[in-house]
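Accompanying notes for the structure given below.
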Amino acid sequence: MKYRRFGRLDWQVSALGFGAMRLPVTGNDRSKIDEPEALRMIHYAFDHGVNYIDTAWPYHNGNSESLVGRALKNGYRQKVKLATKLPARRVETADDFDRFLNTQLSRLQTDHIDFYLLHGLTRASWSKVRDLDVFARAERAINDGRIGCLGFSFHDGYEVFKEIIDGYDRWTLCQIQYNYMDTDYQAGTKGLRYAAEKGLAVVVMEPIRGGQLSSHPPEAVVKLWQSAPERRSPAEWALQWVWNHPEVSTVLSGMSAMEHVVENVAAADRSGPHVLARDELARIDRVKGEYRKGSLIPCTNCRYCLPCPNNVDIPGILQLYNDALIFSDLSRARHLYPIRIQEDERAGQCTQCRQCEALCPQGIAISEWLEKARELVE
Numbered sequence: 078m079k080y081r082r083f084g085r086l087d088w089q090v091s092a093l094g095f096g097a098m099r100l101p102v103t104g105n106d107r108s109k110i111d112e113p114e115a116l117r118m119i120h121y122a123f124d125h126g127v128n129y130i131d132t133a134w135p136y137h138n139g140n141s142e143s144l145v146g147r148a149l150k151n152g153y154r155q156k157v158k159l160a161t162k163l164p165a166r167r168v169e170t171a172d173d174f175d176r177f178l179n180t181q182l183s184r185l186q187t188d189h190i191d192f193y194l195l196h197g198l199t200r201a202s203w204s205k206v207r208d209l210d211v212f213a214r215a216e217r218a219i220n221d222g223r224i225g226c227l228g229f230s231f232h233d234g235y236e237v238f239k240e241i242i243d244g245y246d247r248w249t250l251c252q253i254q255y256n257y258m259d260t261d262y263q264a265g266t267k268g269l270r271y272a273a274e275k276g277l278a279v280v281v282m283e284p285i286r287g288g289q290l291s292s293h294p295p296e297a298v299v300k301l302w303q304s305a306p307e308r309r310s311p312a313e314w315a316l317q318w319v320w321n322h323p324e325v326s327t328v329l330s331g332m333s334a335m336e337h338v339v340e341n342v343a344a345a346d347r348s349g350p351h352v353l354a355r356d357e358l359a360r361i362d363r364v365k366g367e368y369r370k371g372s373l374i375p376c377t378n379c380r381y382c383l384p385c386p387n388n389v390d391i392p393g394i395l396q397l398y399n400d401a402l403i404f405s406d407l408s409r410a411r412h413l414y415p416i417r418i419q420e421d422e423r424a425g426q427c428t429q430c431r432q433c434e435a436l437c438p439q440g441i442a443i444s445e446w447l448e449k450a451r452e453l454v455e
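All residue numbers for the sequence shown refer to my numbering, where the first residue is 78 and numbers rise by one.
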């Protein structure tokens with residue numbers, strides 16, 4: 078296992094972190110974790126050098142934290158750093174901070190959480206936790222030892238990301254979505270570099286885009302991977318691309334089968350900043366181009382269409398719709414839609430005023446695509 082710097086801390090994190098959001102389940106019920114197999118996978122990762130595990134309040138309908146707590150028994154708690162998250166959207170009063178945190182400590186069967194993140198911050202949820210002064214509660218929890226360090230995970234645009242980082246001076250880490258398809262999406266490359274410049278550890282989620290970059294690639298993508306002198310699986314190409322960035326501290330993989338754990342642990346041992354050669358990076362760019370050929374909407378996320386007079390998140394909705402087409406993955410788009418798009422920002426709010434279309438430099442018939450997106454994902 079390779080290890081990397083974790084922001085300002087005098088601690089080295091494993092290049093691969095274990096994300097406990099996609100653990101194996103029995104049947105089709107996400108709440109029913111296959112506990113023997115999940116424990117076997119997690120312990121294999123720990124025994125092969127992984128020293129960071131990430132979970133959250135809602136994962137597996139609330140059962141992930143309890144499973145992780147059991148996985149950390151028998152001496153593993155002393156060897157591994159634990160991260161979980163406050164469900165920021167559910168916080169209505171400052172007292173909710175302690176209510177959630179104390180419940181999570183009980184679920185995880187521990188007296189402290191090494192890294193406590195405010196989960197999935199957007200402009201709206203950031204404003205809420207800031208105005209409620211959740212930070213006073215967090216700092217009290219740091220002082221009494223229930224929390225080691227405070228961070229946040231993120232789902233919004235770069236300007237909001239920068240505002241959050243600059244809005245609190247005791248952040249230790251941030252968690253962002255980052256992969257070779259999403260360099261300009263949400264925090265993106267600019268956010269990655271900004272956070273690192275500020276001394277934050279950067280934890281990357283969705284390096285394989287929830288499996289989209291490894292499952293059923295188009296034939297043209299398959300040919301590009303197969304013709305490469307260096308033979309890697311599509312999943313490893315995606316992981317190595319993220320690890321190639323020196324600003325990245327650790328990469329979370331939500332592994333759902335033992336073969337994923339074995340493959341990713343081995344890939345992490347081959348990882349490092351600037352490991353990929355110029356021709357390999359060029360090949361990944363060609364792969365990205367092949368995927369993008371499946372896009373029907375030429376949205377560049379320039380955001381000239383905003384603000385919408387009806388508050389519709391136009392770029393966010395078009396991105397999800399395009400992704401559903403590019404990766405032939407409607408189920409993921411439907412899953413992410415209520416998570417990524419706030420209720421008052423959804424396509425159904427569009428009144429067909431077409432103000433956005435007059436501002437769009439790409440000439441996109443936005444109102445028509447929003448209606449198609451609404452029919453598809455709502």
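Virtual Cβ for every residue (Gly too), placed ideally from N, Cα, C.
Tell me, which residues are paired with residue i by DSSP?
i: R360; result: Looking at the DSSP assignment, R360 forms no beta bridge with any residue, so it has no partner.
i: R198; result: Checking the sequence, you will find Leu at residue 198 rather than Arg. According to DSSP, which records beta bridges pairwise, L198 is partnered with F231.
i: R411; result: None, per the DSSP bridge assignment.
i: M282; result: Q254
i: C379; result: C379 pairs with nothing; no bridge assigned.
i: Y80; result: S91
i: Y193; result: T161 and L227
i: G425; result: Paired residues: none, contrary to the question.
i: V299; result: DSSP lists no partner for V299.
i: G96; result: D131
i: V237; result: According to DSSP, V237 bridges with nothing at all.
Quick one: using the 10 Å Cβ neighbour count with 16 as the cut-off for buried, is residue i buried or exposed?
i: S330; result: buried
i: I110; result: buried
i: K156; result: exposed
i: H196; result: buried
i: S91; result: buried
i: E283; result: buried
i: P375; result: exposed
i: I224; result: buried
i: Q439; result: exposed
i: L301; result: buried
i: E324; result: buried
i: N138; result: exposed
i: I119; result: buried
i: E313; result: buried
i: A450; result: buried
i: S326; result: buried
i: I416; result: exposed
Candidates the options: which alpha carbon is nearest residue i's?
i: V206; options: G244, D188, F192 and N179; result: G244
i: L86; options: H137, T170, D191 and I119; result: D191
i: Y136; options: I119, K162, E112 and H125; result: K162
i: M332; options: F95, D246, A273 and R409; result: F95
i: F174; options: C251, V389, A218 and V328; result: A218
i: W203; options: E448, H189, G234 and D259; result: G234
i: G228; options: S183, T187, V279 and L269; result: V279
i: K370; options: N321, A264 and S405; result: S405
i: R380; options: H351, G126 and C433; result: C433
i: L198; options: R184, V211 and F231; result: F231
i: E455; options: I441, R423 and W446; result: R423
i: A171; options: D390, G287 and D208; result: D208
i: A272; options: M78, Y80, G84 and K79; result: G84
Cβ of residue i less than 8 Å from any chain C Cβ?
i: Y235; result: In the structure shown, chain C does not exist; there is a single protein chain.
CB-CB under 6 Å to residue i, same chain, minus the five flanking residues each way: which ones, in chain order?
i: S141; result: A97 and T132
i: G222; result: H189
i: A148; result: L116 and I119
i: S99; result: Correcting the residue type first, residue 99 is Arg in the shown sequence and not Ser. Closer than 6 Å at the Cβ level, and outside the excluded window around R99, lie G331 and S333.
i: V127; result: S91, L93 and F95
Which residue comes first and which comes last in the beta strand (DSSP E) that contains residue i?
i: Y136; result: No beta strand (DSSP E) contains Y136, which DSSP labels as neither H nor E.
i: R184; result: Element bounds for R184: not the beta strand (DSSP E) but the alpha helix (DSSP H), D172 to L185.
i: S91; result: Q89 to S91
i: L159; result: K158 to L163
i: R117; result: Looking at the DSSP string, R117 is not in any beta strand (DSSP E); the run it does join, the alpha helix (DSSP H), is E112 to D124.
i: Q327; result: Contrary to the premise, residue 327 reads as Thr rather than Gln in this sequence. Counting along the chain, the beta strand (DSSP E) containing T327 begins and ends at T327 to S330.
i: D131; result: Y129 to D131
Once the 5 residues before and after residue i are set aside, which same chain residues still bring their CB inside 7 Å of it?
i: E307; result: E357
i: A201; result: Q419
i: S444; result: C427, Q429, R431 and E434
i: S108; result: H137, N138 and N140
Ends of the alpha helix (DSSP H) at residue i?
i: C251; result: Per DSSP, C251 belongs to no alpha helix (DSSP H); it is in the beta strand (DSSP E), W248 to Q254.
i: R167; result: R167 -> no alpha helix (DSSP H), and no H or E assigned at all.
i: Y271; result: G265 to E274
i: D259; result: Taken as a continuous stretch (DSSP letters only), D259 belongs to no alpha helix (DSSP H), as it is neither H nor E.
i: R451; result: I443 to V454
i: Y398; result: I391 to I403
i: M335; result: M335 to D346
i: P311; result: P311 to W320
i: V352; result: V352 -> no alpha helix (DSSP H), and no H or E assigned at all.
i: L209; result: Note, L209: premise wrong, no alpha helix (DSSP H); not H, not E.
i: C433; result: Q432 to L436
Going by beta carbon distance, what residues of the same chain come within less than 8 Å of residue i, once the five residues before and after it are set aside?
i: E367; result: P295, A297, V298 and L301
i: I242; result: W248, C251, Y271, A272, K275 and L277
I'd like to confirm something about residue i: is its beta-carbon nearer than 7 Å to some heavy atom of the ligand NAD, or not?
i: D87; result: Among the components of this structure there are no ligands whatsoever, and the ligand NAD is therefore not found.
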